[in-house]
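In full-length UniProt numbering, the protein residues as written are 1 to 738. Built from N, CA and C at the ideal position, the CB exists for glycine as well. Computed from a predicted structure; not experimentally measured. Read the structure below first, then the notes.
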């Protein structure tokens, strides 16, 4: 019995030991297969050689033994594993080993936690080391690409392709210039159709800048992720669609929304156009031709002024469908102003994507084909069609794509949500990189320069026309005629009454028929048995007057024009439908607004020419700081602007000088940031520019008619600060595009 028990215990012990050996071998084989499978998946994603990584993994998994020479050699553990090797065959005692599934006792509270914390710390440290190595490798690739790309552009030359792209992108920039002027030109006419109050008119003037602020940030960020050309096409399409709708909508809210969305669309024009064009220009041409491109913004302003001058005063260009729908001449003008954006979309479809964007995103073949197209187009135009594009391979930047896990069974909206979420994270990460330690100082300095330039420029350019209007009103008021204690009986008034003040008058059995009243005021007067028929008025009021047995037929003399008046046996019949207009609005004033805008826009032509010719000779910083200082000095001449002609001359002077600093700032912004962050940074700075414009316009216009000292001090102080900070920025002349 004892022998049987002994044999049973020995057999049971052998069985357990054999089971343990089998479990350990199976565990090792499963671990190896899983590790190899993970390596293969990773290698398929990154398209790298699997064998190289397999050898590296083997070096780590199977520890080598240090030889006499201090080197390492590989143990042949894989062969042993394939032969069913186990530690037990070497006499290794494993009775004390603990396997998964066995009872291990109650662990100490801190032992497992300490082990897991060490593992997490090691994993995080390894992750940071991998990320740092990746960033270093990516930076090296970008530096090599920048040098090689400049050499390729030198081989491609500057010719027909760049000039064609110049005019195509110029149309997009022209559309941005038109958008700035549209609302200002249509306000005098639109306020009649939509009964706009002063706050509503102010909001309509600012809503375009708010839309452009949002658009610049959004489209600038997207252009670094999905491409310059594609993003510009989307933004221009949104602009043209809502500009078209805004010419037909009737209500104020609908018109405001359409202009907001139109501004969002055109907001992407400036940051994308300059970045897009710069990536086709060699370093010796970049500053000059980007400055020439700025001329299209001026052309957009001239186009808007000319179209407003030619279309809006022609009130016959309109139609009406009952009393609910009206399409007046100013709506035709809004429609015509969408033409540059539509033309830019049509022309842009024939142009390729930026090859620099493709190379930054690892698309070598697409970039090579575009650069070959640039080379062949320029060589054929120069009479050298036999010249061959010698570049065979181009450096591409190391990529780190973000995996989006989407199952085939997921709904379409869920797939789109995940894709948009991934795109948003990429854009936001790119924006945060603009404030990384490498670019933080540059970004803050550029923010200050952009803000100061925009605050002073837009504030003054809107303040000038408002000051001109104020001077016009002052001159108009100086010609006001006064009448006191007059008595008028049995007289028919059928001619225009304008710019008069009547006090303590008595009117008996008088008729006011088929006439216009402009800036008429009747104070403390008596109207008895009078008749008012078919009256159209503006800025006309009756104050403390008495009406006895008086009839108002088909007039716009509503009761809110009668201030503290007494009505005795008086009747209003068939009142006109319309708005209470407080300002004098006539054709002469309209023409004056268009003419002033036309002159102010045309005045920047000399500044554009000078900046284009000198940009690559004196440098970006000298151009920016010098133009800002001269603009600052010119601000002090504003104190001498006491007449309409003097203010127009000062407007032209300020615009002609300050445009050079804007051109230098655009070129500098393009060259200070690398290609993968260029439109993101430019879009953010341009959005800040529009915010500063809103603040400048709001502050400067509030001092119209009060004082000139505050706008002068604000503008000159901002320009002086901007010129000082500009000198602290790095000079980019003669450098390759990062």
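| query | result |
| --- | --- |
| Report back the beta-carbon spacing between residue 670 and residue 682 to the nearest angstrom; my notes put them in contact at under 8 Å. | 7 Å |
| Among the residues of its own chain, which have a CB less than 7 Å from the CB of residue 492, if the five just before and after it don't count? | 511, 513 |
| Residues in the same chain with beta-carbon distance under 6 Å from residue 381, minus the five sequence neighbours each way, listed in chain order, please. | 159, 160 |
| Classify residue 391 as helix, strand or coil using the three-state DSSP reduction. | coil |
| Which whole runs of the beta strand (DSSP E) in the stretch 516-599 are 3 residues long or more, in chain order? | 526-528, 531-538, 541-543, 546-548, 551-555, 566-568, 571-573 |
| Compare the C-beta of residue 304 with all C-beta atoms of chain C and state if any pair is closer than 8 Å. | Annotation note: the requested chain C is absent from the structure, which comprises a single protein chain. |
| Which value, in whole angstroms, describes the spacing of the CA atoms of residue 645 and residue 254? | 38 Å |
| By a C-beta neighbour count over all protein chains shown, 10 Å radius and 16 as the cutoff for buried, is residue 291 buried or exposed? | buried |
| Return the CA-CA distance between residue 243 and residue 306, expressed in angstroms with no decimal places. | 18 Å |
| Who are the near neighbours of residue 452 in its chain, counting only those whose CB is closer than 6 Å to its CB and skipping five residues on each side? | 718, 721, 722 |
| With which residues is residue 500 paired in a DSSP beta bridge? | 481, 520 |
| Check residue 513 in the structure and name its three-state DSSP category. | strand |
| Got a sec? Which residues, its chain only, sit under 7 Å from residue 685 by beta carbon, not counting five neighbours each side? | 446, 447, 450, 669 |
| Is residue 594 buried or exposed, if buried means 16 or more other CB atoms sit within 10 Å of its CB? | buried |
| Under a three-way DSSP split, which group does residue 439 fall into? | coil |
| Can you tell me whether residue 636 is buried or exposed, with buried defined as 16 or more other CB within 10 angstroms of its CB? | exposed |
| Helix, strand or coil: how does DSSP classify residue 492 here? | strand |
| What do you reckon, are the CB atoms on residue 456 and residue 181 nearer than 8 Å? | no |
| Under the assumption that residue 631 contacts residue 726 (Cβ atoms under 8 Å), give the Cβ distance between them as a whole number of angstroms. | At roughly 12 Å, the Cβ-Cβ gap does not stay under 8 Å, so residue 631 and residue 726 are not in contact. |
| Start and end of the alpha helix (DSSP H) containing residue 284? | 283-293 |
| Can you have a look at residue 191 and say buried or exposed, based on whether 16 or more other CB atoms are within 10 angstroms of its CB? | buried |
| Leaving aside the five residues before and after residue 516 along the sequence, list all residues of the same chain whose C-beta is less than 6 Å from its C-beta, in chain order. | 496, 536 |
| Is it the case that the Cβ atoms of residue 389 and residue 415 are separated by a distance below 8 Å? | no |
| Is the CB-CB distance between residue 220 and residue 271 below 8 Å? | yes |
| Of the residues 165, 500, 339, 234, which one's Cα is nearest the Cα of residue 481? | 500 |
| With a threshold of 6 Å on Cβ separation, who are the neighbours of residue 692 within its own chain once the five nearest residues in sequence on each side are excluded? | 451, 454, 455 |
| Residues in the same chain with beta-carbon distance under 6 Å from residue 238, minus the five sequence neighbours each way, listed in chain order, please. | 265 |
| When burial is assigned at 16 or more other CB atoms within 10 Å of the CB, is residue 430 buried or exposed? | buried |
| Tell me, to the nearest whole angstrom, how far the beta carbon of residue 734 is from that of residue 660; I am working on the premise that it is less than 8 Å. | No, residue 734 and residue 660 are not in contact; Cβ-Cβ is about 20 Å, not under 8 Å. |
| In terms of residues, what are the limits of the alpha helix (DSSP H) holding residue 671? | 644-672 |
| Would the stretch 229-237 and the stretch 707-718 be scored as touching if the rule is three or more Cβ pairs under 8 Å? | no |
| So, with DSSP's three-state summary, where would you put residue 179? | helix |
| My output table needs one value for residue 677: the three-state DSSP class, helix, strand or coil. | coil |
| Closest by CA to residue 576, which one among 374, 559, 141? | 559 |
| Please report the distance separating the alpha-carbon of residue 30 from that of residue 737. | Residue confidence for residue 30 is low, a pLDDT of 47 falling below 50, so the modelled location carries little weight; the figure read from the coordinates is stated next. Cα to Cα, the separation comes out at about 51 Å. |
| Decide if residue 574 is buried, meaning its Cβ has at least 16 other Cβ atoms within 10 Å, or exposed. | exposed |
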